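Participant:
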């Protein structure tokens, strides 16, 4: 029965790995039952026509194998509405940034020689490239959430809502899943920007040869990239854990505080380290900037402003860590103590 | 709408309707153990046609859901996988049968009231 062996080989190749042998054995057993039942000459080798009729009835190898395959989604129906919302927000922000950037660049030009169509084509090219990158990162983020989060841990958009849950929210410190999904996506974009497109962070202007950008971050900044990437990855890992868990527990609070301390250490190193912003003089001229200000003095001012902002972020991180520790370890105890007295 | 369209649409809806009751039909025949082909014949004899490609994966899914238990046995020189209702499956079948009777009675009432309305209009 060569035909049956060939058929089973075809089915085997397309079956899921899990239980493949067992499924195949069952299919083979059923085919033998069917052939025996339909054989016009019982006890003898069945004719080819019977084998063909049985296989035809059983279905093509693809059809049979498909019935055993579990549904496999890149982004499942439970996550899809949230995915669409986050995608809309991210694409809108990217488009808005691009448009604002283009307007600023055009307004700041005293005149440019590139043709209108060429400029429009460059703007559209840059916009579509950014939109595709954003689309890819959002999709990858959600696909990774889909694969790393077990089904029963995923939040259910259709679950019955109980108003009483509002009363419990504060105590349980429930997490905001859409917020975390947006945070994961933006952090991934940030990591990609930092590690692969650092030269894109700069000043954009139209020159005679079209759109030109000069990076503003100098080599001094490179030493911080591994550390910034590390805490961004920790942030993503913690957010994925929170989506699984559904609320802030003590270990996630401690992990968040640890990440904050890490961020504070890196920020402190940035503040006390050498200047990391250098403005290219040609960009300054091209932008028709205040001619009394030299590129080096503008670089110095920008460095001071950014270091002040980093200093403020340290202050914010300290406050955030203190608040989280208080909420997790002290606030609950105070409440319980008051209830005991009553 | 052409006759062909009507036929295709009806066929698709009837298939959907049947899909809903296949689990109940299969469970109802597994008080005693059956292997795949014997179960299919049993259902066929009672005018319940189930496609092979639907039945076997369905039996596996029902086993994963703990509705069925199965074991391999060699009979007439061929290994066969026998399926039977589990204790949990028995309980689920009872619940489903009750629900089925309720749905059937409701739909019967709905359909007969529609017929009465039509007769009154004529």
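Chains as they are written, first to last, in the working numbering: chain A, 411 to 752; chain E, 6 to 127.
Just so you know, even glycine gets a beta-carbon here, dropped at the ideal spot from N, CA and C.
The structure displayed is predicted, hence computed values, not measured ones.
1. If you follow the beta strand (DSSP E) that residue 79 of chain E is in, where does it begin and where does it stop?
2. Where do the ends of the alpha helix (DSSP H) carrying residue 424 of chain A lie?
3. Output yes if chain A places a C-beta closer than 8 angstroms to the C-beta of residue 25 of chain E; else output no.
4. Would you mind telling me which residues of chain A sit closer than 7 angstroms to residue 58 of chain E, beta carbon to beta carbon, in chain order?
5. Could I get the ranges of all uninterrupted alpha helix (DSSP H) runs contained in the region 663-698 of chain A, with 4 residues as the minimum, in chain order?
6. Would you say the region 665-674 of chain A touches the region 596-603 of chain A, given that touching needs at least three Cβ pairs under 8 angstroms?
7. Residue 472 of chain A to residue 65 of chain E, Cα distance in whole Å?
8. Among A:479, A:492, A:469, whose alpha-carbon lies nearest the alpha-carbon of residue 63 of chain E?
9. If residue 464 of chain A sits next to residue 476 of chain A, beta carbons under 8 angstroms apart, how far is it from one beta carbon to the other, in whole angstroms?
10. Flag this pair as yes or no: are the beta carbons of residue 41 of chain E and residue 72 of chain E separated by less than 8 angstroms?
11. Under 8 angstroms by Cβ, that's how I've got residue 544 of chain A and residue 485 of chain A pegged, so tell me the actual separation to the nearest angstrom.
12. Verify whether the separation of the beta carbon atoms of residue 641 of chain A and residue 672 of chain A is less than 8 angstroms.
13. What does residue 42 of chain E touch in chain A if you count any residue whose Cβ is under 7 angstroms from its own?
14. If you follow the beta strand (DSSP E) that residue 88 of chain E is in, where does it begin and where does it stop?
15. In whole angstroms, give me the CA-to-CA distance for residue 688 of chain A and residue 536 of chain A.
16. Note down the Cα distance separating residue 727 of chain A from residue 675 of chain A, rounded to an integer number of angstroms.
17. Would you say residue 78 of chain E faces chain A, with C-beta separation under 8 angstroms as the test?
18. What is the DSSP secondary structure of residue 588 of chain A, reduced to helix, strand or coil?
19. Should residue 61 of chain E be flagged as near chain A, meaning a C-beta pair shorter than 8 angstroms?
20. So which residues of chain E does residue 436 of chain A contact, with C-beta pairs closer than 8 angstroms?
21. Compare the C-beta of residue 107 of chain E with all C-beta atoms of chain B and state if any pair is closer than 8 angstroms.
Facilitator: Checking against the coordinates, here is how it stands:
1. 73-80
2. 412-424
3. no
4. 469, 473, 474, 477
5. 691-696
6. no
7. 18 angstroms
8. A:479
9. The Cβ separation is near 19 angstroms, so there is no contact.
10. no
11. That belief does not hold up - the Cβ atoms of residue 544 of chain A and residue 485 of chain A are roughly 16 angstroms apart, past 8 angstroms.
12. yes
13. 440, 443, 444
14. 83-90
15. 24 angstroms
16. 11 angstroms
17. no
18. helix
19. yes
20. 41, 61, 86
21. As a matter of chain content, chain B is missing from the structure shown, whose protein chains are A and E.
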